[in-house]
Amino acid sequence: MQTVKRVISIIVQNEAQVLARVSGLFAGRGYNIESLTVAAIPGSNMSHMTIVTQGSKRVIEQIIKQLHKLIPVYKVIEHDSMVEKEMVLVKLPIDKDTNIANIQSLFEAYNGGIVNASKNVIIAMAADESMRINHCIEAAKNFKPIEIVRSGVVAMER
Amino acid sequence: MKISGAQMVCEAINAEGVKYVFGYPGGAIMNVYDEIYKQNGFKHILTRHEQAAVHAADAYARVSGEVGVAMVTSGPGFTNAVTGLATAYTDSTPLVVISGQVPVSLIGTDGFQEVDAVGISRSCTKHNYLVKDINDLPRILKEAFYIARSGRPGPVLIDIPKDITSEIAEFNYPESVDIPTYKPSYKGNNRQIKKAAEAILEAKKPLLYIGGGAVLSNASDVIREFAEVTGIPAVETLMARGVMGDSNPLQIGMPGMHGSYASNMAMSESDLIISLGARFDDRVTGKLSEFAKYADIIHIDIDPANIGKIVDVDYPIVGDVKIVTQKLLDKLRDTVKPKRYEVWRDLLKRYDEIHPLGFEDSDEVIKPQWVIKRLGELVGENATVTSDVGQHQMWAAQFFPFSRPRQWVNSGGLGTMGFGLPAALGAKMANPEKTVINVTGDGSILMNIQELVTAAENGIAVINVMLNNHFLGMVRQWQTFFYEKRYAETDLSYQPNWKMLVEACGGVGYDVTTKEEFDVALKDAIAQNKVAFINVAVDRFENVLPMVPAGGALFNMMLEYKER
Ligand SMILES: Cc1ncc(C[n+]2csc(CCOP(=O)(O)OP(=O)(O)O)c2C)c(N)n1
Ligand SMILES: [Mg+2]
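Those sequence lines, one after another, are chains U and G. Counted from 1, the first sequence has number 5 at position 5 by our numbering; the numbering is strictly sequential. Just remember that our numbering sits 1000 ahead of the position in the second sequence, which is counted from 1.
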């Protein structure tokens, strides 16, 4: 069966166990999680989770319905038309020969820049759509990255 | 008023109108038991195993239609209860289970009898709570009962640390709940209902496919009326036996793996399946790609996740079966022409005449099906029937003449051996006027045999009818059919002396080897009015038929077994 990729936002009551309920649902029913982010919604007792998942149309439909069944779940949004962003932090080695301007312009092209520097390493950041983050990471490989950390996707309906 | 957490638990149980609580004490729940001792509201029944406590509460709920309550201690008390929770969850029984937990300060330290109860039970409860603040307890108790019984019912666990039960706080039991994230919908979308009604008028071979949800929503009366007014025939799943009543000519049987020929052909040839609280379980559908190929599907279910989960649905209606069926009926009452479906009804009748449910009786040995049939003749409408899991369960479902909903109590979804006897206790407490028969097997009964003691102690007169084939018969049947008769670990020739066993527990026992003895034993057991155990020696190698082999198409039934 043909699988599709979906970004789902879940608005949940901000209470104990709620993350376990959501991730346990995915594990228990054999659904796939590509990324999951969660944070409190400012000024409310709710949290916003963003999950990127993959599955057949029937599976995606089940995921959404099963999420709705969890008691602390307030809203499930299957994104259609959305702004989607992900962040990446990349740690790169530097020495006196490194062309830092090149690094700077690469990450600027992906809505980021250099966020931290010390004698031997710098940390660069990019914030963009997941696909573009992939490209950014590919290009950054030229600079022999030491460590790469991605945040997972956050999304908002347009 | 300021009271302890333990008192709050008792107050809430009484405020909810609960008459019986089934349970088993231990360290972490002792404060609550101390309050149970002092109060004089509900009665507590001490089972002899926590699993049995949950099954008993489960059956109490199934027969009474009210929320069942069970209480256990932390650690092993809780883990023993898990099978009960999973059983209730799969069959959507409204249940509140209260477990003790180590004190809040010890949680996470691997304390004595500490186990992560909410973690373990998360996937087999409708919802669960770990109480961390006494001020939340009144609200949580109220919510638990509400969540258990509303929407698609299910078990709710409240895990309460010991220090919370001794702490004192203000108690006002809430009148209502306010859960903004939980709003089940009951009414059904009117536009969808209208479309479904139009589809019914268009259909030539419509079929009511009735599931456990029909029992849960007390929809039996309206479904019977619906069938009568429209002339649409019906099949009942294992969970719905009794909804139509077996004397109803429109009720054509049970579909599925051990369903009747007519029912399975009806599912296979129908052009419009009207699912009333059923969920297209794999034991009903058989091979999906061959299932109901010619049918459009109207699916009425209170749980949206059930709709479209297994099969594509043409007319999805989220709502309560009783309410939606009533609305459908109102739409059809003046327009439907029962005559339109006459050819279809006749066809199904014809199928039933060609291959009726039956068995070949014998004079040498008692056939298990005969026992069930005879039970029906002797106790019939006057009985509540519980069962364990195996061949005996299928024969009970096939051959007992059920006449009303909530008359038949079995672990349909999870298939939990050991359910029958504790369920019989709960069923008897819920409806003491009825004779309660537990149809059981020589394998299953030993999984909760200790409950004979509970029954004897409390004078709960239930009658166990054990179809003794000296086998884990259902597994043996599969070994016969699909494993070339390699009977791996299914021979139960070594057995206890059943009569002595039940009598040692304070009940009355009968060993039966002839039909005459069975009649005598059953009549005596009813007259004795105490827990009874009738051990009926039946044909060891009898098979449950028809059978749709797992993964096979519903219309490819094995109607008889031939030695090869
Ligand atoms: C707790 C549990 N363990 C194992 C099984 C698998 N199982 C299903 S039916 C069955 C045999 C039951 O034997 P018995 O109670 O004698 O019933 P019979 O089929 O012989 O009528 C078994 C082992 C189960 N359903 N439940
Ligand atoms: Mg047996």
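Positions of the beta carbon are idealized from the N, C-alpha and C atoms, including for glycine.
Next item on the list: Throw me the rounded Cβ distance for the Trp1395 (chain G) and Ile1372 (chain G) pair, which I believe falls under 8 angstroms.
Entry: By one-based count along the second sequence, residue 1395 (chain G) stands at place 395. By one-based count along the second sequence, residue 1372 (chain G) stands at place 372. Beta-carbon to beta-carbon, Trp1395 (chain G) and Ile1372 (chain G) are separated by about 5 angstroms, close enough to satisfy the 8 angstroms threshold.
Note to self: Rounded to the nearest angstrom, what separates Arg6 (chain U) and Ile63 (chain U) at their Cα positions?
What the structure shows: In the first sequence, the residue the question calls residue 6 (chain U) occupies position 6. In the first sequence, the residue the question calls residue 63 (chain U) occupies position 63. Cα to Cα, Arg6 (chain U) sits roughly 11 angstroms from Ile63 (chain U).
Next item on the list: Identify the continuous alpha helix (DSSP H) that holds Ala1053 (chain G) and give its terminal residues.
Entry: Translated into the one-based positions of the second sequence, residue 1053 (chain G) becomes position 53. Membership of Ala1053 (chain G) in the alpha helix (DSSP H) is indicated by the continuous run 1050 to 1064.
Checklist line | When G:Ala1427, G:Ala1088, G:Lys1349, G:Pro1356 are compared against Thr1384 (chain G), the one with the closest alpha-carbon | finding: Start at 1 with the first residue of the second sequence, and residue 1384 (chain G) comes out as number 384. If you compare the alpha carbons of G:Ala1427, G:Ala1088, G:Lys1349, G:Pro1356 with that of Thr1384 (chain G), the shortest gap goes to G:Ala1427.
Check: What did DSSP end up calling Gln54 (chain U) once you bin it into helix, strand or coil?
Finding: On the first sequence, position 54 is the one that residue 54 (chain U) refers to. Taken through DSSP and simplified to helix, strand or coil, Gln54 (chain U) comes out as strand.
Next item on the list: Kindly say whether Thr1181 (chain G), judged by its beta-carbon, lies nearer than 7 angstroms to any beta-carbon of chain U.
Entry: Locating residue 1181 (chain G) in the second sequence gives position 181, counting from the first residue. Judged by the 7 angstroms Cβ criterion, Thr1181 (chain G) is in contact with chain U.
Next item on the list: Starting from Thr1073 (chain G), follow the alpha helix (DSSP H) in both directions and report where the run begins and ends.
Entry: The count along the second sequence starts at 1 and reaches residue 1073 (chain G) at position 73. Element bounds for Thr1073 (chain G): n/a, residue is neither H nor E.
Notebook entry, point to check: What residues in the region 1162 to 1178 of chain G bring their beta carbon closer than 9 angstroms to a beta carbon of chain U?
Noted result: Under the 9 angstroms Cβ criterion, the region 1162 to 1178 of chain G contributes no residue.
Notebook entry, point to check: Quick one: any contact between the region 1010 to 1019 of chain G and the region 1183 to 1199 of chain G, if contact means 3 or more CB pairs under 8 angstroms?
Noted result: At 8 angstroms Cβ cutoff, the stretches do not touch.
Next item on the list: Could you please give the first and the last residue of the uninterrupted beta strand (DSSP E) stretch that includes Met1254 (chain G)?
Entry: Start at 1 with the first residue of the second sequence, and residue 1254 (chain G) comes out as number 254. No beta strand (DSSP E) holds Met1254 (chain G); DSSP gives it neither H nor E.
Item checked: Proximal residues of chain U, C-beta to C-beta of His1127 (chain G) below 7 angstroms -> On the second sequence, position 127 is the one that residue 1127 (chain G) refers to. What His1127 (chain G) touches in chain U: Ile71.
Check: Is any heavy atom in ligand 4 found nearer than 6 angstroms to the beta carbon of Asp1442 (chain G)?
Finding: Absent from the structure shown: ligand 4. Ligands present: ligand 1 and ligand 2.
Notebook entry, point to check: By the criterion of Cβ-Cβ separation under 7 angstroms, what are the contact partners of Tyr74 (chain U) in chain G?
Noted result: Numbered from 1 along the first sequence, position 74 holds the residue referred to as residue 74 (chain U). In chain order: Pro1180, Thr1181.
Note to self: On the CB-based measure, 16 or more other CB atoms within 10 Å of its CB, does Gly55 (chain U) come out buried or exposed?
What the structure shows: Start at 1 with the first residue of the first sequence, and residue 55 (chain U) comes out as number 55. Buried, since its Cβ has 16 or more Cβ neighbours within 10 Å.
Check: So, helix, strand or coil for Gln1393 (chain G), using DSSP?
Finding: In the second sequence, the residue the question calls residue 1393 (chain G) occupies position 393. DSSP places Gln1393 (chain G) in helix when its eight states are reduced to three.
Check: For chain G, is any of its Cβ atoms less than 7 angstroms away from the one on Gln2 (chain U)?
Finding: For this step, residue 2 (chain U) is matched to residue 2 along the first sequence. In terms of beta-carbon proximity, Gln2 (chain U) stays away from the interface with chain G, with every pair separated by 7 angstroms or more.
Check: For a contact meaning CB atoms closer than 7 angstroms, what does Gln66 (chain U) contact in chain G?
Finding: Within the first sequence, numbered from 1, the residue matching residue 66 (chain U) stands at position 66. Under the 7 angstroms cutoff, chain G gives Ala1305.
Next item on the list: Could you tell me if the beta carbon of Phe1471 (chain G) falls within a distance shorter than 6 angstroms of some heavy atom in ligand 2?
Entry: The residue labelled residue 1471 (chain G) in the question sits at position 471 within the second sequence. For ligand 2, a non-hydrogen atom lies closer than 6 angstroms to the CB of Phe1471 (chain G).
Item checked: Contacts of Arg21 (chain U) in chain G (Cβ-Cβ under 7 angstroms) -> In the first sequence, counting from the first residue as 1, residue 21 (chain U) sits at position 21. Near Arg21 (chain U) (Cβ distances below 7 angstroms), the residues of chain G are Arg1122.
Note to self: Given this structure, state the Cα-to-Cα distance separating Ile1273 (chain G) from Pro1206 (chain G), to the nearest angstrom.
What the structure shows: One-based indexing of the second sequence puts residue 1273 (chain G) at position 273. One-based indexing of the second sequence puts residue 1206 (chain G) at position 206. Ile1273 (chain G) and Pro1206 (chain G): Cα-Cα distance of roughly 6 angstroms.
Margin query: Can you determine whether any heavy atom of ligand 1 sits closer than 6 angstroms to the C-beta of Gly1390 (chain G), and answer yes or no?
Written below: The count along the second sequence starts at 1 and reaches residue 1390 (chain G) at position 390. Taking 6 angstroms as the cut-off, one finds at least one heavy atom of ligand 1 near enough to the beta carbon of Gly1390 (chain G).
Note to self: Measuring straight from C-alpha to C-alpha, what distance separates Val1566 (chain G) and Asp1034 (chain G)?
What the structure shows: Nothing in the structure corresponds to residue 1566 (chain G), since chain G is present only between 1001 and 1564.
Next item on the list: Specify, as a first and last residue, the run of the alpha helix (DSSP H) that Lys1195 (chain G) falls within.
Entry: The sequence position of residue 1195 (chain G) within the second sequence is 195, counting from 1. That run of the alpha helix (DSSP H) goes 1190 to 1202.
Item checked: Option in G:Gly1413, G:Val1475, G:Tyr1561 with minimal Cα separation from Asp1091 (chain G) -> Residue numbering aside, residue 1091 (chain G) sits at position 91 when the second sequence is read from its first letter. That would be G:Gly1413, whose Cα lies nearest to the Cα of Asp1091 (chain G).
Check: If you draw a straight line from the alpha carbon of Leu19 (chain U) to that of Gln13 (chain U), how long is it in whole angstroms?
Finding: The residue you call residue 19 (chain U) lines up with position 19 of the first sequence. The residue you call residue 13 (chain U) lines up with position 13 of the first sequence. When rounded, the distance between both Cα atoms is 10 angstroms.
Next item on the list: Drop a sphere of 10 angstroms on the beta-carbon of Glu147 (chain U), count the other beta-carbons inside from all chains shown, and report buried for 16 or more, exposed for fewer.
Entry: In the first sequence, residue 147 (chain U) corresponds to position 147, counting from 1. Counting of Cβ neighbours within 10 angstroms places Glu147 (chain U) among the exposed residues, the total staying below 16.
Notebook entry, point to check: Between the Cα of Cys1505 (chain G) and the Cα atoms of G:Val1439, G:Leu1452, G:Arg1345, G:Pro1233, which residue gives the shortest distance?
Noted result: By 1-based counting over the second sequence, the position of residue 1505 (chain G) is 505. Looking at the Cα atoms, G:Leu1452 is the closest of the given residues.
Notebook entry, point to check: What is the DSSP secondary structure of Gly1231 (chain G), reduced to helix, strand or coil?
Noted result: For the purposes of this step, residue 1231 (chain G) is taken as the residue at position 231 of the second sequence. Per DSSP, reduced to three states, the secondary structure at Gly1231 (chain G) is coil, with no helix or strand assignment.
Next item on the list: Output yes if chain G places a C-beta closer than 7 angstroms to the C-beta of Gly43 (chain U); else output no.
Entry: Translated into the one-based positions of the first sequence, residue 43 (chain U) becomes position 43. Interface with chain G (7 angstroms Cβ-Cβ cutoff): Gly43 (chain U) is excluded.
Notebook entry, point to check: Can we count Gly1412 (chain G) as close to ligand 1, meaning its CB is less than 6 angstroms from some heavy atom?
Noted result: Position 412 of the second sequence, counted from the first residue, corresponds to residue 1412 (chain G). Taken from the Cβ of Gly1412 (chain G), every heavy atom of ligand 1 lies 6 angstroms or farther away.
Margin query: Please identify, using Cβ separations under 7 angstroms, the residues of the region 106 to 139 of chain U that lie next to chain G, in order along the chain.
Written below: Residues: none.
Checklist line | Spatial neighbours of Val1475 (chain G) in its chain, beta-carbon cut-off 6 angstroms, leaving aside the 5 residues before and after | finding: Start at 1 with the first residue of the second sequence, and residue 1475 (chain G) comes out as number 475. Here Val1475 (chain G) has Thr1490 as same chain residues with Cβ atoms under 6 angstroms from its own Cβ, once five neighbours each way along the sequence are excluded.
Check: Are the C-beta of Lys1309 (chain G) and some C-beta of chain U separated by less than 7 angstroms?
Finding: Counting from 1 along the second sequence, the entry for residue 1309 (chain G) is found at position 309. It does; some Cβ of chain U falls within 7 angstroms.
Next item on the list: Can you grab the Cα-Cα spacing for the pair Pro1304 (chain G) / Lys65 (chain U), in whole Å?
Entry: Walking along the second sequence from the start, residue 1304 (chain G) turns up at place 304. Walking along the first sequence from the start, residue 65 (chain U) turns up at place 65. The alpha-carbon atoms of Pro1304 (chain G) and Lys65 (chain U) are separated by roughly 7 angstroms.
Notebook entry, point to check: In chain U, which residues lie with their C-beta within 9 angstroms of the C-beta of Ile1147 (chain G)?
Noted result: The residue you call residue 1147 (chain G) lines up with position 147 of the second sequence. Going along chain U in sequence order, the residues near Ile1147 (chain G) (Cβ under 9 angstroms) are Ile71.
Next item on the list: Assign Phe1482 (chain G) to buried or exposed, taking buried as 16 or more other Cβ atoms, counted over all protein chains shown, within 10 Å of its Cβ.
Entry: For the purposes of this step, residue 1482 (chain G) is identified with residue 482 of the second sequence, where counting begins at 1. Burial is judged here by how many other beta carbons sit within 10 angstroms of a residue's own beta carbon; Phe1482 (chain G) has fewer than 16 and is exposed.
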